[in-house]
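Have a look at the structure below before the remarks.
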Amino acid sequence: MSKTPRFPPKPRTVLFVLFPGFQILDVAGPLAAFEIATRFAPNPYRLKLAAAAPGMTPSSSGVALPTEPLKGQSHVDTLVVSGGNGTRDAMGDNALIAALKRMAPRVRRVTSVCSGAFILAQAGLLDGKSATTHWRRAPQLASMFPNVSVVPDRIYIRDGDVWTSAGVSAGIDLALALIADD
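Numbering (my numbering), first residue to last: -4 to 177.
Structure below.
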């Protein structure tokens, strides 16, 4: 019997959600982990960048990345919401929050890197769940969202189909855990 599957699995779409002022390492680290995993197993991941306002989305460093429209995305397996200095404004972006609320029930996994947890919490996706974020921001997350059980000293947390991670480098650990979970 051949070890090659007769019907190879379809690639899983990992959609990175960006907003003006996102932290570029919150995207680049996990993106690279998924990209490298793709080298070792043919087509396991299709990587996409999206934003509520598509086009060139500027990071907090000023470097911009090209994004597709968040609205209308389909067949997404894993949603990764980045963090960064623009998180506060992103929490007030009604189109972004509405898109996340619509998409979450249709994806297998919803995740955030660092302060991206604030965006998930604003969308109500962390209500009744345990979550983490950067340790310096954890008290603020707990204060702003009392329905979230904030655990400040974890690299990442999985609570059902929702995963959150602490700081920038923890986003890579999160991506590796997501890959190992597949």
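Virtual Cβ for every residue (Gly too), placed ideally from N, Cα, C.
{"Query": "Between the CA atoms of residue 154 and residue 9 - distance to the nearest angstrom", "Result": "19 Å"}
{"Query": "Segment contact flag, the stretch 37 to 48 with the stretch 137 to 150, C-beta cutoff 8 Å, min 3 pairs", "Result": "no"}
{"Query": "Meets three-Cβ-pair contact criterion under 8 Å: the stretch 149 to 167 and the stretch 50 to 60", "Result": "no"}
{"Query": "Spatially closest choice to residue 68 from 102, 82, 17, 80, by CA coordinates", "Result": "102"}
{"Query": "Backbone CA spacing between residue 5 and residue 105 [nearest angstrom]", "Result": "19 Å"}
{"Query": "Beta-bridge pairing of residue 17 - partner residues as DSSP gives them", "Result": "54"}
{"Query": "Distance between beta carbons of residue 174 and residue 32, contact taken as under 8 Å", "Result": "5 Å"}
{"Query": "Supposed contact pair residue 14 and residue 85 - C-beta distance, whole angstroms, cut 8 Å", "Result": "4 Å"}
{"Query": "Secondary structure of residue 64, DSSP reduced to three states", "Result": "strand"}
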